[in-house]
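Chains as they are written, first to last, in my numbering: chain A, 1 to 157; chain B, 158 to 314; chain C, 315 to 477; chain D, 478 to 640. C-beta atoms are modelled at their ideal positions from N, C-alpha and C, and glycine is treated no differently.
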Amino acid sequence: KLSAFNTAFDSINEGLKRVFAELSPGGRAYMEIENPQDPFSGGINLVVKPKGKEVQYIDAISGGEKTLVALALIFAIQDYRPSPFYYFDEVDAHLDEVNARRIGELIRKRSEKAQFIVVTLREVLASYADRLIGVSIRSGVSRVFPVKNFFAEASSG
Amino acid sequence: KLSAFNTAFDSINEGLKRVFAELSPGGRAYMEIENPQDPFSGGINLVVKPKGKEVQYIDAISGGEKTLVALALIFAIQDYRPSPFYYFDEVDAHLDEVNARRIGELIRKRSEKAQFIVVTLREVLASYADRLIGVSIRSGVSRVFPVKNFFAEASSG
Amino acid sequence: AWIEKLVVEGFKSYGKGRVEIPLGPGFIGIVGPNGAGKSNIGDAISFALGLATAKTLRAKNLSYLIYSKDGEASQYAYVEVHFKNEGTFPIEEDKLILSRKVDKEGRSVFRINGTVVRERDLRDFLARTGLYESAYNIVLQGDVIRFLKMTPVERRKLIEEVA
Amino acid sequence: AWIEKLVVEGFKSYGKGRVEIPLGPGFIGIVGPNGAGKSNIGDAISFALGLATAKTLRAKNLSYLIYSKDGEASQYAYVEVHFKNEGTFPIEEDKLILSRKVDKEGRSVFRINGTVVRERDLRDFLARTGLYESAYNIVLQGDVIRFLKMTPVERRKLIEEVA
Ligand SMILES: Nc1ncnc2c1ncn2[C@@H]1O[C@H](COP(=O)(O)OP(=O)(O)OP(=O)(O)O)[C@@H](O)[C@H]1O
Ligand SMILES: Nc1ncnc2c1ncn2[C@@H]1O[C@H](COP(=O)(O)OP(=O)(O)OP(=O)(O)O)[C@@H](O)[C@H]1O
Ligand SMILES: [Mg+2]
Ligand SMILES: [Mg+2]
């Protein structure tokens, strides 16, 4: 059990470091086991060092930086133990345009190995999708339909 | 004390109804005193009825709808007891383009009576501002500078 | 494996009738105005797979998931998740349909390819295919930073579950 | 009344030196990439006005607000909020400067136009001008729906405070 845990931890940790460095050039993120001698007696800490700064108390980093750390962790777990599908609801809400593009690129690459169902209100992320599904509501009833381009449908509230 | 409370409540409630109807055409939002005979023995409920639907359990409404209800309440309190300034940090994160424009319009109108300091990652909301202040960071140190147009600065991460 | 489509009936804003929501492999973008019903699609998936509580589905209790509108309401909420199976699921067929129905008393019936199962059996079945109870693959609206808000022990348990 | 500018020194990501952040009347948009320091501006305002806790300022305790970087760190964090007074504040001057300094031990010194005051005196002073402890006018990142998440009693207390 301990060896299965350590294998998973090391592999996911390497993935986290690699993916976060890709998303936040110059930045570093990794996990730390509180009690390396006995991992199950403690927890796992998340350590982040944004570019140009020293290790930060994780709450102090910005909203966008937090989103990037969280997504990097999800992708790292995917590389170790993939799920058949991923569902992301407005994960770009707090990302600037550059970071939204990086995430769009990364999802597109990884969508060769897993299905990504991504809800978004922004054209930037939608532009990386293979297909778009439009959703609209009338008289309190939702319906779905295929969409060719984002601007036709996405915000005709 | 009771009469001061009732005056404030009625006035803010009317404001909430009016502003929300403006933001969400066909929708309704209002507050209800739990114990109208003795308001201080209970609380105040928030009731929302989106367009075409009956009264909804407030948690069930969508993320964007929740943002509109919250902003409508803030503006309603502003009409009753204005603050000299308002600070809004990424309030457009979960708004579609149409709703972001409505909020931009509303903030612009109300900025004649109060200062609105609005952090945003989106060009839509930024386009309603009188002035833009750019923020950037280098070697871990932030600086600010005037910005003429959003795209020059806002996402050159 | 991937989700080919959902079939929903009486589920949240999707009305009384039987509605098909096509998905399919690759990167699928879901777009539309606020309040349209986009997040309700993720709720349908979480609901059918037994990966969510009423609270995370934004419902006071499960019966709140049943479509209702002034005057008319469904008798139940029903969701089918149709997977294409390319060896991921430990079954013969190349198609897997997971379904769940909840009635007005909040009682659920779970099925795997039509056969009624207990919720915990569904959970074990799914865990073997990378669909864990911690549902790290499902990021609900506003919730992406939950991995940062976790306590260190919760984070360790997440790693343990996938290990 | 409005905030004409902030002056910060050693506050969060704004470095060791004295930095002026011009604001001014009307609708001011704050833009820039993720991690630039935009939200730290709202934190500076909340900090100086005594309207936030360490937690809402994303700090473990107040000393975490002091600028620090590998090798170099400030000795204190200091913020001035410069208001133009057009009769809103009950003072003679047409300018109001509220300031706060916190040292490495987490001790704060509040001033109104240079005069040291106790935090509660500042709070009373501000409440008379529409700047309440509940700070309904300050919406931090991710927090706009706090008005919906409140309990009914909390919501009543908010209305009571402005009544
Ligand atoms: N049981 C139900 N019956 C009818 N309508 C419902 C039910 N449950 C939820 N709804 C409606 O579904 C709508 C919310 O849908 P959803 O959260 O999917 O929107 P969305 O497209 O994600 O919007 P946003 O972009 O704002 O997040 C709400 O307006 C709500 O009233
Ligand atoms: N005491 C401190 N010393 C140095 N840097 C700090 C300190 N406290 C916070 N920071 C840095 O400030 C940065 C966060 O700034 P802020 O939250 O204002 O960003 P932002 O512009 O709002 O970004 P976003 O668009 O992602 O929300 C973080 O990278 C954090 O490391
Ligand atoms: Mg949604
Ligand atoms: Mg921010």
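C-beta contact flag for residue i and residue j at 9 Å
| i | j | result |
| --- | --- | --- |
| C:L365 | C:E447 | yes |
| C:A362 | C:R414 | yes |
| C:L337 | A:Q115 | yes |
| A:F88 | C:V458 | yes |
| D:L483 | D:I518 | yes |
| B:I215 | D:L625 | yes |
| A:A158 | B:A227 | Since the first and last residues shown for chain A are 1 and 157, residue 158 of chain A lies out of range. |
| C:V393 | C:V322 | yes |
| C:K455 | C:S360 | Inspection of the sequence shows that residue 455 of chain C is occupied by Gln rather than by Lys. Contact flag unset, no. |
| A:G134 | C:G346 | yes |
| A:T67 | A:L95 | yes |
| C:N399 | C:K409 | yes |
| A:S127 | C:A350 | no |
| B:I201 | B:F166 | yes |
| C:E318 | C:F397 | yes |
| D:Y544 | D:K581 | no |
| A:L125 | A:I103 | yes |
| A:G64 | A:N99 | yes |
| D:G583 | D:S551 | no |
| C:P466 | C:F439 | no |
| C:V478 | C:L379 | Residue 478 of chain C is absent from the structure shown; chain C starts at 315 and stops at 477. |
| B:A161 | B:K174 | no |
| D:N590 | A:S62 | no |
| A:V91 | C:V453 | yes |
| D:T606 | D:A478 | yes |
Closer than 8 Å at the beta carbon, the chain B residues around residue i
| i | result |
| --- | --- |
| D:L534 | Going along chain B, no residue has its Cβ under 8 Å from D:L534, so there is no contact; the nearest lies around 13 Å. |
| D:G519 | Y244, D246, I274, V276 |
Residue i: contacting residues in chain B (beta-carbon distance under 7 Å)
| i | result |
| --- | --- |
| C:D384 | E211 |
| D:F624 | A227, L230 |
| A:A93 | A250, H251 |
| D:Y613 | I231, I234 |
Contact list for residue i against chain D, beta-carbon separation under 8 Å
| i | result |
| --- | --- |
| B:E262 | Chain D residues near B:E262: none, gap ~11 Å exceeds 8 Å. |
| B:G196 | Here the sequence assigns Pro to residue 196 of chain B, which means Gly is not the residue at that position. Under the 8 Å cutoff, chain D gives R633. |
Residue i: contacting residues in chain A (beta-carbon distance under 8 Å)
| i | result |
| --- | --- |
| D:S540 | Under the 8 Å cutoff, chain A gives no residues; its nearest Cβ is about 11 Å from D:S540. |
Partner residues on chain A for residue i, Cβ-Cβ distance less than 7 Å
| i | result |
| --- | --- |
| D:G619 | G63 |
| C:E474 | F5 |
Proximal chain B residues relative to residue i, where beta-carbon distance stays under 9 Å
| i | result |
| --- | --- |
| D:S516 | D246, E247, V276 |
| D:G608 | Per the sequence shown, the amino acid found at residue 608 of chain D is Leu instead of Gly. Ordered by position in chain B, the residues that pass the 9 Å Cβ test against D:L608 are S240, P241, F242. |
Contact list for residue i against chain C, beta-carbon separation under 9 Å
| i | result |
| --- | --- |
| B:N256 | P347, N348 |
| A:D130 | G338, P339, G340, F341, I342, G343 |
Amino acids of chain A, ordered along the chain, whose beta-carbon sits closer than 9 Å to that of residue i
| i | result |
| --- | --- |
| C:G329 | G140, V141, S142, R143 |
Where residue i meets chain D, residues with beta-carbon distance less than 9 Å
| i | result |
| --- | --- |
| A:Y163 | With chain A represented from 1 up to 157, any question about residue 163 of chain A goes unanswered, as that position is not in the structure. |
| B:R265 | G503, F504 |
| B:L203 | F624, L625, M627, P629, R632 |
Where residue i meets chain C, residues with beta-carbon distance less than 7 Å
| i | result |
| --- | --- |
| B:A217 | R372, A373, Y378 |
7 Å Cβ cut-off: residues of chain D touching residue i
| i | result |
| --- | --- |
| A:P50 | G512 |
| B:F307 | V508 |
| B:K223 | I622, L625 |
Specify whether the segment 12-31 of chain A and the segment 51-63 of chain A touch according to this definition: at least 3 beta carbon pairs, one from each stretch, less than 8 Å apart.
yes
What residue ranges within the segment 380-453 of chain C form continuous beta strand (DSSP E) runs of no fewer than 3 residues, ordered along the chain?
390-398, 409-417, 422-426, 429-431
At least 3 beta-carbon pairs within less than 8 Å: the segment 240-253 of chain B vs the segment 109-120 of chain A:
no
The segment 323-343 of chain C touching the segment 426-438 of chain C, judged by at least three CB pairs closer than 8 Å:
no
Is the number of C-beta pairs between the segment 359-378 of chain C and the segment 292-305 of chain B that are closer than 8 Å three or more?
no
At least three beta-carbon pairs within less than 8 Å, the segment 325-335 of chain C to the segment 287-302 of chain B:
no
Determine, using beta-carbon pairs with one atom in the segment 275-282 of chain B and one in the segment 460-477 of chain C, whether at least three such pairs fall under 8 Å.
no
Given 8 Å, three or more beta-carbon pairs between the segment 9-21 of chain A and the segment 439-454 of chain C:
no
Beta strand (DSSP E) segments (min. 3 residues) lying fully within the segment 218-279 of chain B
242-246, 272-276
Report the start-end ranges of each alpha helix (DSSP H) in the segment 478-550 of chain D that is 4 residues or longer and not cut off at the edges.
515-525
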